[in-house]
């Protein structure tokens, strides 16, 4: 692909940077230059690559975390006659080489959408990123308040009044993960509305391995139930509780954001799971409308699926 960019640059007399900007619709390129580059690109066959959809992920090694979402998007994109290219955020310049028709982003903490319009004119759909209502940038995201309300209302109906939250410590600030920030705020908001303690929270750094210590600190706060707020934590918290002799749900109820693997735990986990099929479908419908220059009026909010399993019960009575 890079060689083709060089071919266009050589034939037009422009630099590769100018050619790339012209192909991506940069406003810094004159109309005369853009038309010449596009005409040359068609003659060289470069624009045949326009059936590509780029999918941006934070890092390639995190692709496993987005496995379900990537699988759903890949199936829809392929069925629709496009091909999908996976691009890590730190190699974002690859977008210019692949010349995609549009870009889907799974980046939730960088704020990619804030500077997108300054660099690219390619349509961008953000999945589970903060809906900033920027021109030309749209969002499909899970309904965090609905998900948290389901979990807390379930625990409250069982009689729990001291509910703890297990999350990550770095969830504040402009570049923090939007979903994690939202889940914590909603957790505190709902419990505060009920007149219950909303400060029973513990957070780990992303790379911190010591789950047992963090779980013990949360238990020291006298909680009868724990809500985990990321898809990667529920199994780890369950394992840590078992290590210190806590039985689920006899001694403590545990629920939270689930991944497919949580259904294979013992006991099976109660919790909410993102509706990946709906997220993928809505994202592609929105993207397709943008490609056909049709109006997209608003962002899309997708409700969570709730699974009632065996990891929650009424709080243990004190003797």
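Numbering (my numbering), first residue to last: 11 to 329. We treat Cβ as the ideally placed atom computed from N, Cα and C, and that holds for glycine.
Please return the same chain residues whose Cβ sits closer than 7 Å to the Cβ of residue i, not counting the five positions on each side in sequence.
{"i": "residue 317", "result": "268, 280, 281, 283"}
{"i": "residue 155", "result": "196"}
{"i": "residue 261", "result": "326"}
{"i": "residue 292", "result": "150, 310, 312"}
{"i": "residue 30", "result": "15, 106"}
{"i": "residue 319", "result": "277, 278, 279, 280"}
{"i": "residue 200", "result": "158, 159, 162"}
Between residue i and residue j, what straight-line distance do the alpha-carbon atoms span, to the nearest angstrom?
{"i": "residue 166", "j": "residue 158", "result": "12 Å"}
{"i": "residue 175", "j": "residue 80", "result": "28 Å"}
{"i": "residue 97", "j": "residue 197", "result": "33 Å"}
{"i": "residue 232", "j": "residue 239", "result": "19 Å"}
{"i": "residue 26", "j": "residue 191", "result": "40 Å"}
{"i": "residue 148", "j": "residue 226", "result": "41 Å"}
{"i": "residue 128", "j": "residue 21", "result": "27 Å"}
{"i": "residue 183", "j": "residue 139", "result": "Since pLDDT at residue 183 reaches only 47, below the 50 mark, its modelled position is unreliable, and the value read off the structure follows with that caveat. Rounded to whole angstroms, residue 183 to residue 139 spans 14 Å at the Cα level."}
{"i": "residue 324", "j": "residue 235", "result": "9 Å"}
{"i": "residue 65", "j": "residue 43", "result": "28 Å"}
{"i": "residue 289", "j": "residue 295", "result": "10 Å"}
{"i": "residue 114", "j": "residue 207", "result": "39 Å"}
{"i": "residue 11", "j": "residue 39", "result": "Summary for residue 11: the model assigns pLDDT 46, below 50, so the residue's position carries little reliability, and this model does not support an answer."}
{"i": "residue 14", "j": "residue 51", "result": "9 Å"}
Using three-state DSSP, classify residue i as helix, strand or coil.
{"i": "residue 159", "result": "helix"}
{"i": "residue 178", "result": "strand"}
{"i": "residue 324", "result": "coil"}
{"i": "residue 85", "result": "helix"}
{"i": "residue 292", "result": "helix"}
{"i": "residue 185", "result": "Note that residue 185 scores a pLDDT of 47, beneath 50, so its modelled location is shaky; the value from the coordinates is reported in the next line. Three-state DSSP puts residue 185 in coil, outside helix and strand."}
{"i": "residue 190", "result": "helix"}
{"i": "residue 309", "result": "coil"}
{"i": "residue 281", "result": "strand"}
{"i": "residue 129", "result": "helix"}
{"i": "residue 236", "result": "strand"}
{"i": "residue 102", "result": "coil"}
{"i": "residue 165", "result": "helix"}
{"i": "residue 301", "result": "helix"}
Less than 6 Å between C-beta atoms, sequence neighbours within five positions excluded: which residues of the same chain meet that for residue i?
{"i": "residue 59", "result": "Low confidence applies here, because residue 59 scores a pLDDT of 49, under 50, leaving its location unreliable and the question unanswered by this model."}
{"i": "residue 24", "result": "none"}
{"i": "residue 151", "result": "138"}
{"i": "residue 105", "result": "64"}
{"i": "residue 78", "result": "286"}
{"i": "residue 87", "result": "63, 94"}
{"i": "residue 210", "result": "174, 231, 233"}
Tell me where the alpha helix (DSSP H) around residue i begins and ends.
{"i": "residue 227", "result": "221-229"}
{"i": "residue 248", "result": "244-253"}
Cutting at 8 Å between CB atoms, please list the residues of its own chain near residue i, excluding the five before and the five after it.
{"i": "residue 160", "result": "282, 314, 316"}
{"i": "residue 181", "result": "For residue 181, the predicted model reports a pLDDT of 47, less than 50, meaning its position is unreliable; a value from the coordinates is still stated below. So the qualifying residues of the chain are 187, 190, 191, 194, 213."}
{"i": "residue 112", "result": "63, 64, 132, 133, 134, 135, 297, 300, 301"}
{"i": "residue 91", "result": "61"}
Starting from residue i, trace the beta strand (DSSP E) in both directions and tell me its first and last residue.
{"i": "residue 315", "result": "315-317"}
{"i": "residue 93", "result": "93-98"}
{"i": "residue 134", "result": "134-137"}
{"i": "residue 263", "result": "263-267"}
{"i": "residue 212", "result": "211-214"}
{"i": "residue 114", "result": "112-115"}
{"i": "residue 90", "result": "It is not in any beta strand (DSSP E) - residue 90 carries neither H nor E in the DSSP assignment."}
Okay, do the region 257-273 and the region 233-246 touch, 3+ Cβ pairs below 8 Å being the bar? Yes: the two stretches touch, three or more of their Cβ pairs being nearer than 8 Å.
Looking at C-beta atoms only, is the number of pairs between the region 306-315 and the region 249-263 that lie closer than 8 Å three or more? As far as the Cβ criterion goes, the region 306-315 does not touch the region 249-263, which means the pair count is below three.
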